[in-house]
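Chemist: Going down the list, the protein sequences come from chains A and B. Heads up: the first sequence runs through residues 3 to 436, numbered per my numbering. Heads up: the second sequence runs through residues 3 to 436, numbered per my numbering. Think of the CB as a built atom: it goes at the ideal place given N, C-alpha and C, for glycine as much as any other residue. Computed from a predicted structure; not experimentally measured.
Protein chains: 2
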Amino acid sequence: MPISGFPEWLPPQRMIEQRVLDRVRTTFELYGFAPLETRSVEPLDTLLSKGETSKEVYLLHRLQGGTDEEDQLGLHFDLTVPFARFVVENAGKLQFPFRRYQIQKVWRGERPQEGRYREFLQADIDVVNRDNLPFHYDTEMPLVIGDALGGLPIPRVRIQINNRKVCEGFYRGLGLSDTAQVLRVVDKLDKIGPDKVTEQLVATAGATRSQADACVELASISAEDASFADAVRKLGITDPLLDEGLDELVRVVEAAREHAPGLLVADLKIARGLDYYTGTVYETLLTGYERFGSICSGGRYDNLASSGNDRFPGVGISIGVSRMLGILFGRQALEVSRKVPTCVLVALPQEEQRAACDRTAAALRRRGIATEVAPAAAKFGKQIQYADRRGIPYVWFPGEPDTVKDIRSGEQVEADATTWQPPAADLHPAVTGA
Amino acid sequence: MPISGFPEWLPPQRMIEQRVLDRVRTTFELYGFAPLETRSVEPLDTLLSKGETSKEVYLLHRLQGGTDEEDQLGLHFDLTVPFARFVVENAGKLQFPFRRYQIQKVWRGERPQEGRYREFLQADIDVVNRDNLPFHYDTEMPLVIGDALGGLPIPRVRIQINNRKVCEGFYRGLGLSDTAQVLRVVDKLDKIGPDKVTEQLVATAGATRSQADACVELASISAEDASFADAVRKLGITDPLLDEGLDELVRVVEAAREHAPGLLVADLKIARGLDYYTGTVYETLLTGYERFGSICSGGRYDNLASSGNDRFPGVGISIGVSRMLGILFGRQALEVSRKVPTCVLVALPQEEQRAACDRTAAALRRRGIATEVAPAAAKFGKQIQYADRRGIPYVWFPGEPDTVKDIRSGEQVEADATTWQPPAADLHPAVTGA
Numbered sequence: 003m004p005i006s007g008f009p010e011w012l013p014p015q016r017m018i019e020q021r022v023l024d025r026v027r028t029t030f031e032l033y034g035f036a037p038l039e040t041r042s043v044e045p046l047d048t049l050l051s052k053g054e055t056s057k058e059v060y061l062l063h064r065l066q067g068g069t070d071e072e073d074q075l076g077l078h079f080d081l082t083v084p085f086a087r088f089v090v091e092n093a094g095k096l097q098f099p100f101r102r103y104q105i106q107k108v109w110r111g112e113r114p115q116e117g118r119y120r121e122f123l124q125a126d127i128d129v130v131n132r133d134n135l136p137f138h139y140d141t142e143m144p145l146v147i148g149d150a151l152g153g154l155p156i157p158r159v160r161i162q163i164n165n166r167k168v169c170e171g172f173y174r175g176l177g178l179s180d181t182a183q184v185l186r187v188v189d190k191l192d193k194i195g196p197d198k199v200t201e202q203l204v205a206t207a208g209a210t211r212s213q214a215d216a217c218v219e220l221a222s223i224s225a226e227d228a229s230f231a232d233a234v235r236k237l238g239i240t241d242p243l244l245d246e247g248l249d250e251l252v253r254v255v256e257a258a259r260e261h262a263p264g265l266l267v268a269d270l271k272i273a274r275g276l277d278y279y280t281g282t283v284y285e286t287l288l289t290g291y292e293r294f295g296s297i298c299s300g301g302r303y304d305n306l307a308s309s310g311n312d313r314f315p316g317v318g319i320s321i322g323v324s325r326m327l328g329i330l331f332g333r334q335a336l337e338v339s340r341k342v343p344t345c346v347l348v349a350l351p352q353e354e355q356r357a358a359c360d361r362t363a364a365a366l367r368r369r370g371i372a373t374e375v376a377p378a379a380a381k382f383g384k385q386i387q388y389a390d391r392r393g394i395p396y397v398w399f400p401g402e403p404d405t406v407k408d409i410r411s412g413e414q415v416e417a418d419a420t421t422w423q424p425p426a427a428d429l430h431p432a433v434t435g436a
Numbered sequence: 003m004p005i006s007g008f009p010e011w012l013p014p015q016r017m018i019e020q021r022v023l024d025r026v027r028t029t030f031e032l033y034g035f036a037p038l039e040t041r042s043v044e045p046l047d048t049l050l051s052k053g054e055t056s057k058e059v060y061l062l063h064r065l066q067g068g069t070d071e072e073d074q075l076g077l078h079f080d081l082t083v084p085f086a087r088f089v090v091e092n093a094g095k096l097q098f099p100f101r102r103y104q105i106q107k108v109w110r111g112e113r114p115q116e117g118r119y120r121e122f123l124q125a126d127i128d129v130v131n132r133d134n135l136p137f138h139y140d141t142e143m144p145l146v147i148g149d150a151l152g153g154l155p156i157p158r159v160r161i162q163i164n165n166r167k168v169c170e171g172f173y174r175g176l177g178l179s180d181t182a183q184v185l186r187v188v189d190k191l192d193k194i195g196p197d198k199v200t201e202q203l204v205a206t207a208g209a210t211r212s213q214a215d216a217c218v219e220l221a222s223i224s225a226e227d228a229s230f231a232d233a234v235r236k237l238g239i240t241d242p243l244l245d246e247g248l249d250e251l252v253r254v255v256e257a258a259r260e261h262a263p264g265l266l267v268a269d270l271k272i273a274r275g276l277d278y279y280t281g282t283v284y285e286t287l288l289t290g291y292e293r294f295g296s297i298c299s300g301g302r303y304d305n306l307a308s309s310g311n312d313r314f315p316g317v318g319i320s321i322g323v324s325r326m327l328g329i330l331f332g333r334q335a336l337e338v339s340r341k342v343p344t345c346v347l348v349a350l351p352q353e354e355q356r357a358a359c360d361r362t363a364a365a366l367r368r369r370g371i372a373t374e375v376a377p378a379a380a381k382f383g384k385q386i387q388y389a390d391r392r393g394i395p396y397v398w399f400p401g402e403p404d405t406v407k408d409i410r411s412g413e414q415v416e417a418d419a420t421t422w423q424p425p426a427a428d429l430h431p432a433v434t435g436a
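(1) Can you give me the C-alpha to C-alpha distance between A/P144 and B/L185, rounded to a whole angstrom?
(2) Taking only beta-carbon atoms, is A/Y396 less than 8 angstroms away from chain B?
(3) Taking only the alpha-carbon atoms, compute the straight-line gap between A/S299 and B/G332 and give it to the nearest angstrom.
(4) Assess contact between the region 392-411 of chain A and the region 169-176 of chain B, defined as three or more Cβ pairs (one per stretch) separated by less than 8 angstroms. Is contact present?
(5) Taking CB distances under 8 angstroms as the criterion, tell me whether A/A426 reaches chain B.
(6) Could you tell me the distance, in whole angstroms, from the CA atom of A/E455 to the CA atom of A/I163?
(7) Taking 7 angstroms as the limit between beta carbons, can you name the residues of its chain near B/P14, skipping five residues before and five after?
(8) Using only the alpha-carbon positions, how far apart do A/T69 and A/H63 sit?
(9) If the cut is a Cβ gap below 9 angstroms, which residues of chain E does A/K381 touch?
(10) What beta strand (DSSP E) runs, 3 residues minimum, are completely inside the region 370-410 of chain B?
(11) Could you name the residues of the region 235-260 of chain A whose beta carbon sits closer than 8 angstroms to any beta carbon of chain B, in the order they occur along the chain?
(12) Strictly by DSSP, which residues pair up with B/K107?
(13) Using a C-beta to C-beta distance shorter than 7 angstroms, which residues of chain B count as neighbours of A/P99?
(14) Please state whether the Cβ-Cβ distance between A/L12 and B/K95 is less than 8 angstroms.
(15) Does any CB atom of chain B fall closer than 8 angstroms to the CB of A/T69?
(16) Rounded to the nearest angstrom, what separates A/Q106 and A/V283 at their Cα positions?
(17) Among residues of its own chain, excluding the 5 on either side of B/A231, which ones have a beta-carbon nearer than 6 angstroms to its beta-carbon?
(18) Buried or exposed: where does A/N134 fall if 16 or more other Cβ atoms within 10 Å of its Cβ makes it buried?
(19) Can you give the Cα-Cα distance for B/I326 and B/I297, rounded to whole angstroms?
(20) If you measure beta-carbon to beta-carbon, which residues of the region 281-300 of chain A are closer than 8 angstroms to chain B?
(21) What is the rounded straight-line gap between the Cα of B/L366 and the Cα of A/L81?
(22) Give the interface partners of B/Q20 over in chain A, defined as CB-CB distance under 9 angstroms, in chain order.
(23) Verify whether the separation of the beta carbon atoms of A/A125 and A/I321 is less than 8 angstroms.
(24) What are the boundary residues of the beta strand (DSSP E) that includes B/E337?
(25) Give the DSSP-derived three-state secondary structure of A/S299 in the structure shown.
(26) Just mark B/I194 as buried or exposed, buried being the case when its beta carbon has 16 or more other beta carbons within 10 Å.
(27) Strictly under 8 angstroms for the Cβ-Cβ distance: is B/E31 near chain A by that measure?
(28) So is A/D277 buried or exposed if we call it buried at 16+ other beta carbons inside 10 Å?
(29) Quick check on this structure: which residue in A/I319, A/L50, A/T280, A/R392 has the alpha carbon closest to the alpha carbon of A/I147?
(30) Apart from the five residues on each side of it in sequence, which residues of its chain come closer than 6 angstroms, Cβ to Cβ, to B/D2?
(31) Using only alpha-carbon positions, find the residue among B/G7, B/E246, B/Y388 that is nearest to B/S137.
(32) Could you tell me if A/P431 is buried or exposed, where buried requires 16 or more neighbouring beta carbons within 10 angstroms of its beta carbon?
(33) Would you call the region 21-37 of chain A in contact with the region 24-42 of chain B, where contact means no fewer than 3 C-beta pairs closer than 8 angstroms?
(34) Tell me the residue span of the beta strand (DSSP E) that contains B/I163.
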């Protein structure tokens, strides 16, 4: 029986997912990110070390575990916390700045809902450095994502960015001291609306009515260019951290305008919950599917990884692959041209000819053409049906000479297994937007 | 800290692993296997449904789990049991015979040792059918594996095969009734030697001394051709199941001799523990690393998947990717030509030129050349050092005109980012045997 929150795709959907992952991975590598996988488990104290977490952790215990049970282990709930642990643990063996990508399952024991799973696939890129990480990496992250997702037959993505320093500096400049609580309340803006946010800021964050209004006003600012900074300054609040944050945010927006116009928008309501971010934060909406929330998020974290006096600041972003595909699959928004990788089915006239048919298949495979031999000798009509049900485009008939039939058009031609080539478009299953 | 049994590869090793997985996956697809992933968890009763299991299961529970806890879930310990469950659950949506491959992590809470992990990666292929599965699929499995692994820079593999029907028929023909116990004892042959096996057969399986000797004699038979069948028949035991098993085993051996000479050996001591196999069984040794045991195993299972009156017999084989690579990494038997995917580092003379350098990098990436821009403006010597430490072969110098330097040979030439192409051998990191 299906288990709520643990999605399983049928093979055609998995073929689409693989195509997405291939594109993502190839793009990450084009930007010089090295591959990494970390173990699926971490000690519970590593998972909880970043203070209060809203992520529900799955703990492991062995069915026949004795009293010698090791430290409590839990499944990781993201790829950033394990990555930070890995960097500290292996700092002596890595070259800094260290650029890595990581595509793995993560687990969260939360209530499942559409596009929210308990087991799901994430695709992360991060750059970390020892001591200090140059800011230009903050501008690079969204460009890599734009490049990776832009090459896929999915709706256009729009990356929304903000900077924690802008919010914290602004709140501080306003005279509010519990900036974490302000952020926590402002983060609910889309869910509960501005009136309730104002109310809660007054009730829980020590804000006056006019301070609360200013916070809501800040959060309403959004622009595709550096004009957002003027809008913030018009609010009349000054603070050195605010200035620093605005300068950083302007740099990211301007770099994106040059290299990928239309990809990015500065949106000052983006807060990214209570995660470990210290500066730039990213969220990403899929055009037409905005109500499902962010499908790709991340940010700058200056204090996540450290060991003694060594500090490893980083910046990263994570594509929620399962979430994105779950949403698109739910609306039949992606299609694949066949249900199997197979391009050619070799028909089997009689069981005695199997060895010869296997040789034909081997010759086709040697040239990169995915080929199956029919499961049993049968009338050709039945073999064509086998191919048709799977969307296999070609059936190969042994004979003197061999022939190959495009079962979509019905066209049948003489062919030699050592030279025949299908059109490039038929070689692999094609993934398209529906 | 490292956790025993949960291996983590450094990026160069992960690059090697990915190259192996790419080859394996491409080969599986060339044979028409469709991709599948199943969830990592199964209900405990599914995991334990195949009777006594020696696999130690990891159970999950939520850190903040309440009293509404769902059925007990455990991490899967192989990919065959989840696959069988998936087939039964989705039979109405699949086309049979159903060929799928599945490359995923599995978990076993056993004592770790070299090449034996608690978390490890498996790459499986299986074919299942409704009601009956033609035997020729048993002959296909080892050929696919030979093709997949044969294209990698690893030691030659040798697939050992046997057939449960041969063993059970032989034991029955000998007059032994507890054939499962006989198999269990014979399975220890390599570990404890023939004398102890004989002893234990007498002590625990109700065998006379001469029956026990015959069992050990059967297990000693091995041949690369059909001659093993004559050797078995010379032992003078007759039984219909034995005959059926011998005929099947001969078919697999002969098909391999035709399509992949030297790949396969019939070895009648192969038992595959107490798993769910009912006929053909496979194990695979890596030449020179035989003492580490099988790196690729599987077999025919006629009764694993069923639902009411529906039966889904199958045959499959599973590459122990982590096990194989762990052994080879432990002996530095595999190398990769650089530590990052990057082919070109664009040097940055001054920070003000970053936008221009980013454009150069973008032009190279558009043509599939993995490129990074230097992290900071620095003297060229320092930038060459950055490339050298990572094994990046080329450094690009902006100028009038631009030049590109092969830092291995020192050769530097004029170049245009929209046309320059590295030699094909440098485009991607090369994986070689050491």
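Modeler: Well, looking at it:
(1) Numbered from 1 along the first sequence, position 142 holds the residue referred to as residue 144 of chain A. Numbered from 1 along the second sequence, position 183 holds the residue referred to as residue 185 of chain B. If I take the Cα positions, the gap works out to 59 angstroms.
(2) As a first step, residue 396 of chain A is located in the first sequence; it is residue number 394 there, counting from the start. It does not: the Cβ of A/Y396 has no partner Cβ on chain B nearer than 8 angstroms.
(3) Here residue 299 of chain A refers to the residue found at position 297 of the first sequence. Here residue 332 of chain B refers to the residue found at position 330 of the second sequence. Answer to the nearest angstrom: the Cα atoms are 37 angstroms apart.
(4) no
(5) Walking along the first sequence from the start, residue 426 of chain A turns up at place 424. Output row for A/A426: interface = no.
(6) Examination of residue 455 of chain A is not possible in this model, given that chain A is present from 3 through 436 alone.
(7) As a position in the second sequence, residue 14 of chain B is number 12, starting the count at 1. For B/P14, where only same-chain residues beyond five positions count, the Cβ hits under 7 angstroms are V338, K341.
(8) To locate residue 69 of chain A, count along the first sequence from 1; it is residue 67. To locate residue 63 of chain A, count along the first sequence from 1; it is residue 61. Per-residue confidence for A/T69 stands at a pLDDT of 47, beneath the threshold of 50, marking its modelled position as unreliable; the derived number appears in the next sentence. When rounded, the distance between both Cα atoms is 11 angstroms.
(9) Here the protein chains are A and B, and chain E is not one of them.
(10) 373-375, 396-399, 405-408
(11) A257, E260
(12) On the second sequence, residue 107 of chain B is found 105 positions in, with the first residue counted as 1. DSSP output for B/K107 lists B/L123 as bridge partner(s).
(13) Within the first sequence, the letter at position 97 stands for residue 99 of chain A. Near A/P99 (Cβ distances below 7 angstroms), the residues of chain B are P377.
(14) Locating residue 12 of chain A in the first sequence gives position 10, where the first residue counts as 1. Locating residue 95 of chain B in the second sequence gives position 93, where the first residue counts as 1. Yes, these two residues count as a Cβ contact at 8 angstroms.
(15) As a working mapping, residue 69 of chain A is identified with position 67 in the first sequence. Residue placement at A/T69 is poorly supported in this model, since its pLDDT is 47, which falls under 50; the coordinates are not used for a value here.
(16) Working through the first sequence from its first residue, we reach residue 106 of chain A at position 104. Working through the first sequence from its first residue, we reach residue 283 of chain A at position 281. C-alpha separation (whole angstroms): 22 angstroms.
(17) Indexing the second sequence from 1 puts residue 231 of chain B at position 229. L248, V252, listed in sequence order.
(18) Within the first sequence, residue 134 of chain A is the residue found at index 132, counting from 1. Counting Cβ neighbours within 10 Å, A/N134 comes out exposed, since fewer than 16 surround it.
(19) Position 324 of the second sequence, counted from the first residue, corresponds to residue 326 of chain B. Position 295 of the second sequence, counted from the first residue, corresponds to residue 297 of chain B. Note that residue 326 of chain B corresponds to Met in the displayed sequence, not to Ile. Cα to Cα, the separation comes out at about 6 angstroms.
(20) none
(21) On the second sequence, residue 366 of chain B is found 364 positions in, with the first residue counted as 1. On the first sequence, residue 81 of chain A is found 79 positions in, with the first residue counted as 1. The straight-line gap from Cα to Cα measures roughly 29 angstroms.
(22) Taking the second sequence and counting its residues from 1, the one referred to as residue 20 of chain B is at position 18. Chain A residues near B/Q20: R27, P37.
(23) Along the first sequence, one-based indexing puts residue 125 of chain A at 123. Along the first sequence, one-based indexing puts residue 321 of chain A at 319. Result yes, Cβ atoms of A/A125 and A/I321 sit closer than 8 angstroms.
(24) Sequence index remark: in the second sequence, residue 337 of chain B carries index 335 (1-based). Run containing B/E337: 336-338, per the beta strand (DSSP E) assignment.
(25) As a working mapping, residue 299 of chain A is identified with position 297 in the first sequence. Correct three-state label for A/S299: strand.
(26) As a position in the second sequence, residue 194 of chain B is number 192, starting the count at 1. B/I194 should be labelled exposed.
(27) The residue given as residue 31 of chain B occupies position 29 in the second sequence. Closer than 8 angstroms: yes.
(28) For the purposes of this step, residue 277 of chain A is taken as residue 275 along the first sequence, with counting starting at 1. Its Cβ being crowded by 16 or more others within 10 Å, A/D277 is buried.
(29) Translated into positions along the first sequence, residue 147 of chain A becomes position 145. Selected option, being the one with the closest Cα: A/I319.
(30) The structure shown does not extend to residue 2 of chain B, since chain B is modelled only from 3 through 436, so no value can be given for it.
(31) Within the second sequence, residue 137 of chain B is the residue found at index 135, counting from 1. Before going further, note that residue 137 of chain B is Phe rather than Ser in the sequence given. B/F137 has its Cα closest to that of B/E246, out of B/G7, B/E246, B/Y388.
(32) The residue you call residue 431 of chain A lines up with position 429 of the first sequence. With 16 or more other Cβ atoms within 10 Å, it is buried.
(33) no
(34) Numbered from 1 along the second sequence, position 161 holds the residue referred to as residue 163 of chain B. That run of the beta strand (DSSP E) goes 159-165.
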